[in-house]
DNA sequence: GAGTTGTGTCACCAAACTGTGACATGGCGT
DNA sequence: ACGCCATGTCACAGTTTGGTGACACAACTC
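Chains as they are written, first to last, in full-length UniProt numbering: chain A, 1 to 226; chain B, 1 to 226.
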């Protein structure tokens, strides 16, 4: 099991140090803060693997941190709540938390929850995305089609990943040129088209009738799974 | 908080009515069925915002419904499963469910899950607007009528989007020419009319008696849902 | 340095799109 | 009922757009 970079946010110093100590002893790498503001900074700059947030915090509370984090990232979140209040559970889930734990919590239980959430996050929202026969492994930067590995060149891969990052959305050529190539200028060029064409030749069973990358005439391209 | 059009599928009548009642009380608009077949029909014709499917159903089961729905749309799905069986969870997630809930379920918890899934779907998927049977997805630049995708050409789409951006407002031809085309000049032409006509031919059930795009004689056109 | 791979560009073609004008239709005031 | 004028309808040809294959050059490998 991987050792996680955990962000712990808890305003009560005694609980905080106790949990930090316990989690560290269990092999996690922990950073802890007392306030939501600090937590958000940390998340933005350090990209922890999981955040454990006390619901009750001075200033920005845990639920609010959770909500903001969710808007910007898939970072897994566990909320700590003081009582087994159903209401808190509801609010927490609404904010998009992956799990919630009622205090006081056995370190061993918390550890199990963390691992469970991480495991879930890893398999669900991991580096690997599957669209029918097409599997895109963002970690290994590998693409396979019906089990066979497909070789994509760096540019092709960047373009495909960009399209896949926004499944179902139409991305226009200007945007793609900017993001994949960094051409801020150059309005017109067949570059994107040519690259799409090359990707299609590799991943589409019938490039003339594409299933993955669809052309939206006059606008751009859309990746949408079959 | 938005009220959702929920499709509930559960074969046990007592559970079904109980959940339907609870969800309705929480402000949702619920339609329920006992079988997967009915559910698929409903989905195709009525376009609910979210489907809650019991995994165990006679005939087409929940997982299968989920799988088929996923093939055709981004409709959010929550699966109801009888036991906390890990296997079910895995199968459910593989079929593309957004969440799964173990029965018996607290209505309040289910409500929270629904809202969480809807929120996620809303932010992940694009912004789409629904007018009865007509769904306009501005991110995917897709228009569907009663579930069937309608192909619009770029100009038609731009015009429709412009009309839809101001529902209920009358937009005159000069304005439309300026915004949709870039004609600052050319006051008179049948251009707008022709384009409206083409859109109507595609989205209006009876183009002679339009329900979406109304002509306001002497002024222009108004988009207003039926 | 020779060969290999990756990338941008171009020209050409087919298909899709669109503006146009002539004509039909229908609403509205008289 | 009549005529006027705004709008609907339609076909077509010119234009635009994207697909495609060829190619040149750069980058990289050995």
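Think of the CB as a built atom: it goes at the ideal place given N, C-alpha and C, for glycine as much as any other residue.
Looking at the backbone, the Cα of residue 62 of chain B and that of residue 36 of chain B are separated by about 7 Å. For the stretch 167-194 of chain A, the set of positions with a beta-carbon nearer than 9 Å to some beta-carbon of chain B reads 167, 168, 169, 170 in chain order. In this model, residue 201 of chain B and residue 211 of chain B are separated by some 12 Å (Cα to Cα). In the DSSP assignment, residue 149 of chain B is bridged to B:144.
As the crow flies, the alpha-carbon of residue 198 of chain A is around 12 Å from that of residue 154 of chain A.
Following the DSSP letters along the chain, one finds residue 199 of chain B inside the alpha helix (DSSP H) bounded by residues 191-203. Burial is judged here by how many other beta carbons sit within 10 angstroms of a residue's own beta carbon; residue 76 of chain A has at least 16 and is buried. Counting along the chain, the unbroken beta strand (DSSP E) around residue 31 of chain B starts and ends at 29-33. For residue 51 of chain A, the enclosing beta strand (DSSP E) stretches over residues 50-54. Nearest in C-alpha terms to residue 137 of chain B, of all of A:170, A:54, A:130, A:161, is A:170. Sequence-ordered contacts of the stretch 150-163 of chain B with chain A read 153, 154, 155, 157, 158 [C-beta pairs closer than 9 Å].
Apart from the 5 residues on each side of it in sequence, residue 179 of chain A sits with its Cβ closer than 8 Å to the Cβ of 162 in its chain, given in chain order.
Below the 8 Å Cβ cutoff, chain A contributes 168, 169, 170, 222, 224 as neighbours of residue 140 of chain B, in chain order. Listed in chain order, the non-local C-beta contacts of residue 160 of chain B below 6 Å within the same chain comprise 199, local neighbours out to five positions each way being set aside. Straight across, the Cα-Cα distance linking residue 134 of chain B with residue 12 of chain B is about 33 Å. DSSP, reduced to helix, strand and coil, places residue 214 of chain A within a strand of the structure shown. Just so you know, the alpha carbons of residue 32 of chain A and residue 80 of chain A end up roughly 14 Å apart. Under DSSP, residue 136 of chain B forms a beta bridge with B:129, B:143. For residue 15 of chain A, no beta strand (DSSP E) encloses it; the enclosing alpha helix (DSSP H) starts and ends at 13-25. Taking 8 Å as the cut-off, the Cβ atoms of residue 143 of chain A and residue 203 of chain A count as close.
Interface annotation, residue 216 of chain A: in contact with chain B, CB-CB separation under 8 Å. Listed along chain B are 141, 154, 157, each with a C-beta nearer than 9 Å to that of residue 219 of chain A. For residue 43 of chain A, the uninterrupted alpha helix (DSSP H) segment begins and ends at 36-46.
When the five nearest sequence neighbours on each side are left out, the beta carbons in the same chain lying within less than 7 Å of the beta carbon of residue 157 of chain A are those of 141, in order along the chain.
Judged by beta-carbon spacing, residue 78 of chain B lies within the 8 Å limit of residue 113 of chain B, meaning their Cβ atoms are closer than that value. Take residue 116 of chain B, set aside five residues on each side of it, and the residues of its chain with a beta-carbon closer than 8 Å to its own are 99, in chain order. Residue 77 of chain A has A:51 as its beta-bridge partners, per DSSP. Scanning B:206, B:177, B:103 for the CA closest to the CA of residue 192 of chain B turns up B:177. Judged by DSSP secondary structure, residue 176 of chain A falls within the alpha helix (DSSP H) whose first and last residues are 173-176. Following the DSSP letters along the chain, one finds residue 7 of chain B inside the beta strand (DSSP E) bounded by residues 5-9.
Under the DSSP assignment, residue 222 of chain B falls in the beta strand (DSSP E) whose first and last residues are 220-223. The Cβ-Cβ distance between residue 6 of chain A and residue 23 of chain A falls below 8 Å.
In the displayed model, residue 105 of chain A falls within coil according to three-state DSSP, outside both helix and strand.
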